[in-house]
Amino acid sequence: MKTVITIIGCGRIANNAHLPALSKMENIRIKYACDIIPEKAAALKEKFPIVEQTIEDYKIALADSEVDAVFVLTPNFAHYTITMDALKAGKHVMCEKPITVNYALSCEMANEAKAQGKMLNIGVCNRHHKSVEMLAEMNARGEFGNIYHVVCSFRNCRSIPGLGGAFTDKAQSGGGVLIDWGIHFLDLILYILGDAKLKNVTCDTYCEMAKDMKSYKYKKMWAEDTADVENGVNDVDDFVTGYVRTDKASISFNGAWAQNLEKNEMYIDFLGDKKGARLAYGKNFELFSGDTLITENPEYDIPDMYFEEDKAFIESCVSGVKGKNYIDNILESAKLLDALYASAEQNKEVTL
Ligand SMILES: NC(=O)c1ccc[n+]([C@@H]2O[C@H](COP(=O)([O-])OP(=O)(O)OC[C@H]3O[C@@H](n4cnc5c(N)ncnc54)[C@H](O)[C@@H]3O)[C@@H](O)[C@H]2O)c1
Numbered sequence: 274m275k276t277v278i279t280i281i282g283c284g285r286i287a288n289n290a291h292l293p294a295l296s297k298m299e300n301i302r303i304k305y306a307c308d309i310i311p312e313k314a315a316a317l318k319e320k321f322p323i324v325e326q327t328i329e330d331y332k333i334a335l336a337d338s339e340v341d342a343v344f345v346l347t348p349n350f351a352h353y354t355i356t357m358d359a360l361k362a363g364k365h366v367m368c369e370k371p372i373t374v375n376y377a378l379s380c381e382m383a384n385e386a387k388a389q390g391k392m393l394n395i396g397v398c399n400r401h402h403k404s405v406e407m408l409a410e411m412n413a414r415g416e417f418g419n420i421y422h423v424v425c426s427f428r429n430c431r432s433i434p435g436l437g438g439a440f441t442d443k444a445q446s447g448g449g450v451l452i453d454w455g456i457h458f459l460d461l462i463l464y465i466l467g468d469a470k471l472k473n474v475t476c477d478t479y480c481e482m483a484k485d486m487k488s489y490k491y492k493k494m495w496a497e498d499t500a501d502v503e504n505g506v507n508d509v510d511d512f513v514t515g516y517v518r519t520d521k522a523s524i525s526f527n528g529a530w531a532q533n534l535e536k537n538e539m540y541i542d543f544l545g546d547k548k549g550a551r552l553a554y555g556k557n558f559e560l561f562s563g564d565t566l567i568t569e570n571p572e573y574d575i576p577d578m579y580f581e582e583d584k585a586f587i588e589s590c591v592s593g594v595k596g597k598n599y600i601d602n603i604l605e606s607a608k609l610l611d612a613l614y615a616s617a618e619q620n621k622e623v624t625l
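Okay, so the sequence shown: first residue is 274 according to my numbering, each after it adds one.
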């Protein structure tokens, strides 16, 4: 029997990641595509014939007993309400990252999933990236020895998403580059370290590059059609720096949606006493070891991580077996984001 799905939110991530992935699957139907902007749902249906019909109100799909699962692909603040409504209506949920705008609401979502006995996966897609999986396996086998420190950079030169729209309005997003990109990097680090537990953190955030919104020349990227430099809000971090102590390695990181440096530096260095690894984000990794510093460049194919993520979700809905993207496994990352923002706000170290 096919798993019947509804897509809620027909923006960038729906068009560029989930619909291309879901369209390749034969064991699903997409009964509804929903967006509060009907033209967006219509455009998605036009582009992906797997979509059967469009709606403006997601509650129509929740009331349909044929629907098994929903994909929540809306701005961050809306994840909470839509996911809670869907779980209460007895649907499984695949919710995009971050879980929502803060840790307390994230915990409520996790509790509701348990109360309803439904799947609730979070779209930290890097857990399904081949490079991340291989590094996690190598670390579990002890190949790095002791990973004592991780250096992480998620810095881009001009990439503030949809300036003045949902991404840069704290009330809608929960934060800026830290919650938007940092969740991907920090979650995959905790995952590779083997579900490291947090001890304490310190962090500083800055909102500098687009203080004068009208003068900021951003590149076209995610959600550019929701940008609003005339009437919108930009009250989130466009640069972040921090330090995290865990029961395993410590982590130092810098993140920038925008900076006055031309290079995009998106990498993670794992420093082990036997071996080190540099992971080029979203790509391959290199390994370094030995007295004369031998470099290894393992060759491997990188399948579409969104396909792998969505396939694993559908399998979990059918089997009832929770996978690595089940919300309980992501809560530590949500707790970390909260602690980092609290540290920046209070200008002091925060103990967890
Ligand atoms: N996993 C990743 O790599 C990745 C990448 C980009 C975005 N995301 C996440 O995906 C989510 C969406 O991001 P995006 O870039 O697609 O944004 P977007 O602005 O392009 O699309 C969001 C869509 O949701 C719609 N929407 C808002 N409220 C709704 C509601 N109540 N019911 C139905 N539709 C509603 C909007 O009209 C819009 O079309 C965000 O949470 C973001 O963090 C994840």
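Cβ atoms here follow ideal geometry from the backbone N, Cα and C, with glycine treated the same way.
Bear in mind the structure is a predicted one, so any value in this text is a computation, not a measurement.
Span of the beta strand (DSSP E) holding residue i?
{"i": "Ser-606", "result": "Where Ser-606 is concerned, there is no enclosing beta strand (DSSP E), although the alpha helix (DSSP H) it sits in stretches over 604-619."}
{"i": "Ser-525", "result": "523-529"}
{"i": "Phe-458", "result": "Looking at the DSSP string, Phe-458 is not in any beta strand (DSSP E); the run it does join, the alpha helix (DSSP H), is 456-466."}
{"i": "Ala-290", "result": "It is not in any beta strand (DSSP E) - Ala-290 carries neither H nor E in the DSSP assignment."}
{"i": "Leu-544", "result": "538-545"}
{"i": "Glu-325", "result": "324-328"}
{"i": "Tyr-305", "result": "301-307"}
{"i": "Glu-503", "result": "Taken as a continuous stretch (DSSP letters only), Glu-503 belongs to no beta strand (DSSP E), as it is neither H nor E."}
{"i": "Lys-332", "result": "No beta strand (DSSP E) holds Lys-332; the alpha helix (DSSP H) holding it covers 331-335."}
{"i": "Gly-549", "result": "548-553"}
{"i": "Lys-472", "result": "471-479"}
{"i": "Ser-562", "result": "558-562"}
{"i": "Leu-393", "result": "393-396"}
{"i": "Gly-515", "result": "512-519"}
{"i": "Ala-342", "result": "342-345"}
Is it true that the CB of residue j sits closer than 9 Å to the CB of residue i?
{"i": "Val-343", "j": "Lys-370", "result": "no"}
{"i": "Ala-439", "j": "Gly-515", "result": "no"}
{"i": "Gly-282", "j": "Pro-348", "result": "yes"}
{"i": "Tyr-599", "j": "His-401", "result": "no"}
{"i": "Asn-507", "j": "Asp-453", "result": "no"}
{"i": "Ile-278", "j": "Lys-304", "result": "yes"}
{"i": "Gly-437", "j": "Glu-385", "result": "no"}
{"i": "Lys-584", "j": "Met-367", "result": "no"}
{"i": "Ile-280", "j": "Leu-317", "result": "yes"}
{"i": "Ile-541", "j": "Ser-426", "result": "yes"}
{"i": "Ala-383", "j": "Asp-601", "result": "yes"}
{"i": "Cys-480", "j": "Leu-613", "result": "no"}
{"i": "Lys-521", "j": "Phe-417", "result": "no"}
{"i": "Ala-496", "j": "Gly-435", "result": "yes"}
{"i": "Ile-355", "j": "Val-340", "result": "no"}
{"i": "Leu-360", "j": "Lys-332", "result": "no"}
{"i": "Val-424", "j": "Glu-622", "result": "no"}
{"i": "Gly-596", "j": "Asn-394", "result": "yes"}
Is residue i a contact residue of ligand 1, with contact defined as CB to any heavy atom under 8 Å?
{"i": "Pro-576", "result": "no"}
{"i": "His-402", "result": "no"}
{"i": "Cys-590", "result": "no"}
{"i": "Asp-453", "result": "yes"}
{"i": "Lys-297", "result": "no"}
{"i": "Ala-315", "result": "no"}
{"i": "Lys-495", "result": "Just to set this straight, residue 495 is Trp in the shown sequence, not Lys. True, at least one ligand heavy atom lies under 8 Å from that Cβ."}
{"i": "Tyr-331", "result": "yes"}
{"i": "Ala-439", "result": "yes"}
{"i": "Leu-292", "result": "no"}
{"i": "Cys-430", "result": "no"}
{"i": "Arg-414", "result": "no"}
{"i": "Ala-287", "result": "yes"}
{"i": "Leu-610", "result": "no"}
{"i": "Thr-347", "result": "yes"}
{"i": "Lys-634", "result": "Absent from the structure is residue 634, since the part of the chain shown begins at 274 and ends at 625."}
{"i": "Glu-581", "result": "no"}
{"i": "Asp-468", "result": "no"}
{"i": "Lys-370", "result": "yes"}
{"i": "Gly-282", "result": "yes"}
{"i": "Ala-336", "result": "no"}
{"i": "Thr-499", "result": "yes"}
{"i": "Ala-607", "result": "no"}
{"i": "Gly-435", "result": "yes"}
{"i": "Ala-351", "result": "yes"}
How would you write the range of the alpha helix (DSSP H) that residue i sits in, first residue to last?
{"i": "Cys-590", "result": "578-592"}
{"i": "His-352", "result": "349-361"}
{"i": "Gln-445", "result": "443-446"}
{"i": "Glu-385", "result": "376-389"}
{"i": "Asn-412", "result": "403-413"}
{"i": "Lys-595", "result": "Here Lys-595 belongs to no alpha helix (DSSP H), and DSSP marks it neither H nor E."}
{"i": "Glu-319", "result": "311-320"}
How close, in whole Å, do the beta carbons of residue i and residue j come, if the pair is a contact with beta carbons under 8 Å?
{"i": "Glu-559", "j": "Ala-550", "result": "7 Å"}
{"i": "Asp-577", "j": "Ala-294", "result": "6 Å"}
{"i": "Val-397", "j": "Ile-323", "result": "Val-397 to Ile-323, Cβ: 25 Å. No contact."}
{"i": "Leu-430", "j": "Ala-500", "result": "Checking the displayed sequence, the identity of residue 430 turns out to be Cys instead of Leu. 17 Å between Cβ atoms; not a contact."}
{"i": "Leu-609", "j": "Leu-459", "result": "6 Å"}
{"i": "Asp-510", "j": "Met-482", "result": "Contact flag wrong, Cβ pair sits at about 10 Å."}
{"i": "Ser-404", "j": "Leu-552", "result": "6 Å"}
Does the beta carbon of residue i come closer than 9 Å to any beta carbon on chain C?
{"i": "Leu-346", "result": "Among the chains of the structure shown, chain C does not appear; only one protein chain is present."}
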